[in-house]
């Protein structure tokens, strides 16, 4: 019974640390870029877009398809960085213990 009590305490501690990590990540911001920096998208740790910067040279109505592709690429770059940061923080939190495939944070 003593081991079960210890496991419950550890689970509660882990839950508290996860909540702290989620709050920290929600405050963080990550930039993704495309077109050699012509388009920059900023996401927070939850993957919500905060800002987008587009170089004026891309504001050509004849080149809208290129601009649209660059926005998508910059957003995907930022999202990949957010996911890498989340994975890194989770690894620190779990002490390198691997989590089940498909495990998602509750946000």
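In the UniProt record's numbering, the protein residues as written are 1 to 107.
Note that beta-carbon positions come from the ideal geometry of N, C-alpha and C, so glycine has one too.
Here the structure is a predicted model, which means the values were calculated and not measured.
Hey, residue i and residue j are a contact pair by Cβ (cut 8 Å); roughly how many whole angstroms apart?
| i | j | result |
| --- | --- | --- |
| residue 75 | residue 41 | 5 Å |
| residue 38 | residue 58 | 6 Å |
| residue 32 | residue 78 | 3 Å |
Are the CB atoms of residue j and residue i within a distance shorter than 8 Å?
| i | j | result |
| --- | --- | --- |
| residue 85 | residue 28 | yes |
| residue 21 | residue 68 | no |
| residue 26 | residue 44 | yes |
| residue 70 | residue 17 | no |
Got a sec, what are the start and stop residues for the beta strand (DSSP E) residue i sits in?
| i | result |
| --- | --- |
| residue 29 | 29-34 |
| residue 56 | Where residue 56 is concerned, there is no enclosing beta strand (DSSP E), given that its DSSP letter is neither H nor E. |
| residue 43 | 39-44 |
Check for me: the alpha helix (DSSP H) holding residue i runs from which residue to which?
| i | result |
| --- | --- |
| residue 75 | 64-93 |
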